[in-house]
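Notes for the one structure printed next.
Numbering (the numbering used here), first residue to last: 129 to 542.
Structure (structure tokens):
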């Protein structure tokens, strides 16, 4: 997307080896695009200052992806840090999102900067980039064709969800109980079923590397069934629906792990409804953490904690200094390795550009949060904090919480 189509006003220029001539070019670029110059930084040591100065709606203007990282993964890390602040990062010569050039930068192809264009052209001609989606296989000329067995599973999932109104969790359990596995041979999860139902590929639309091509291959479901599935996902709490707002009620979401199987502990709401003597309906909501492997894939055992008890014990240990110290440096290396893997996947067309951005932003989230000292001070006035403040403090301080039936282990970031 070109900068001319964006509704941003303030711009910061960052040119590591910038000269007076580069500064004049930056000012001319701002004038041409309708930006108001907010700052100008040169020298590699000033990259941090440039990103720190960014505010929501700002634009960071750079000469190339190499300006924000000598390696693709370093450039991607800094690019995502800026995007996470609500800014856009524009490559001045191209006048477009520098993330696209970072993906081309990451490619092992000798064509380098031509990767983006070549992949887009391939997608426009409906040729498969990377692995085929579940339900399809790669046919002649690298085009998608229906996989006989997997295609029937896709139709079954849509029929059970749309026509028989089976929920995501029951649907995953039903598939597993019938011995129907994913392509990798693993059990179905709620997330896997949801992603399948969200995928427009099943109405014949191919989407890769930011390119969407309608009517490119045989559909497995009708537009009516697909649209009804999206409505149900939103109404029942698919992404962007009620479920998302419920999940954030759990302070330890993404931080707590089952100590028996190493799967994530997930937040669960249980409702108890009854009628009072005067005839009025009454309802209570109980919040729990439960082993996600048990809940979504019928694996592991029924390991459960009441939410307020688990969260309270975690906070108590943080306040008392009873938590163990993890390896922050190792954690960062692990995150960089994951980001590097995501770069390979998007450069090979295995995931879309938007998927790469979303997953990358989730990956670096813990490194964008408040100062550790501020987070620790917040522990002293815990009961005065809002949910959002508590959540930010925990994300900054806690690396993970291992949960047994009768004990826990809290590990803080090193």
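Every residue gets a Cβ at the ideal spot worked out from N, C-alpha and C, and that includes glycine.
Practice prompt. Step through the CB atoms of chain C and report whether any lies within less than 9 Å of the CB of residue 435.
Written response: No chain C appears in this structure, which consists of one protein chain only.
Worksheet item: Which residue comes first and which comes last in the beta strand (DSSP E) that contains residue 386?
Response: Here the beta strand (DSSP E) through residue 386 covers 384-386.
Worksheet item: When you compare each of 192, 346, 228 and 215 to residue 267 by their alpha carbons, which one comes out closest?
Response: Looking only at 192, 346, 228 and 215, the smallest Cα-Cα distance to residue 267 is reached by 346.
Practice prompt. Could you pull out every residue in the same chain whose Cβ sits closer than 8 Å to the Cβ of residue 281, ignoring the five residues on either side in sequence?
Written response: Cβ within range, chain order: 262, 263, 303 and 308.
Worksheet item: In terms of DSSP beta bridges, what is residue 537 paired with?
Response: In the DSSP output, where bridge partners are listed per residue, residue 537 has 530.
Fill in: Residue nearest to residue 532 in terms of C-alpha spacing, selected from 526, 202, 434 and 356
The residue from 526, 202, 434 and 356 with its alpha-carbon nearest to that of residue 532 is 434.
Worksheet item: Excluding sequence positions up to five away, which residues of its chain have a Cβ less than 7 Å from the Cβ of residue 491?
Response: 463, 466 and 467, listed in sequence order.
Worksheet item: Exposed or buried, which one is residue 515 when buried takes at least 16 other CB atoms within 10 Å?
Response: Using a 10 angstroms sphere on the CB of residue 515, the tally of other CB atoms stays under 16, which defines it as exposed.
Worksheet item: Can the beta-carbon of residue 489 be found closer than 9 Å to that of residue 212?
Response: In contact: residue 489 and residue 212 (Cβ atoms closer than 9 Å).
Item to complete: Could you pull the start and end residues of the alpha helix (DSSP H) that residue 500 belongs to?
Response: Counting along the chain, the alpha helix (DSSP H) containing residue 500 begins and ends at 500-507.
Worksheet item: Is residue 189 near residue 230, with beta carbons less than 9 Å apart?
Response: Taking C-beta atoms as the reference points, residue 189 and residue 230 fail to come closer than 9 Å.
Practice prompt. Please report the Cβ distance between residue 442 and residue 418, rounded to the nearest whole angstrom; I am assuming they are in contact, meaning their Cβ atoms lie under 8 Å.
Written response: Residue 442 to residue 418, Cβ: 16 Å. No contact.
Fill in: Status (buried if at least 16 other CB within 10 Å, exposed otherwise) for residue 275
Only buried fits residue 275, as 16 or more other CB atoms lie within 10 angstroms of its CB.
Worksheet entry | 7 Å Cβ shell around residue 238 - same chain, five flanking residues per side excluded | For residue 238, the predicted structure reports a pLDDT of 38, less than 50, and the residue's modelled location is therefore unreliable. A value from the coordinates is still provided. Once the five neighbours on either side are set aside, residue 238 has no close Cβ partner at all.
Fill in: Three-state secondary structure assigned by DSSP to residue 479
Of the three classes helix, strand and coil, the one that applies to residue 479 here is coil, per DSSP.
Discussion item. For residue 411, list the residues DSSP reports as bridge partners.
Written reply: According to the DSSP secondary-structure assignment, residue 411 is paired through a beta bridge with 401.
Discussion item. Relative to the C-alpha of residue 177, which candidate in 146, 203, 142 and 150 has its C-alpha closest?
Written reply: Ranking 146, 203, 142 and 150 by Cα distance to residue 177 puts 142 first.
Fill in: Option nearest residue 323 by Cα separation, candidates 357, 520, 350 and 508
When only C-alpha atoms are compared, the closest one is 357.
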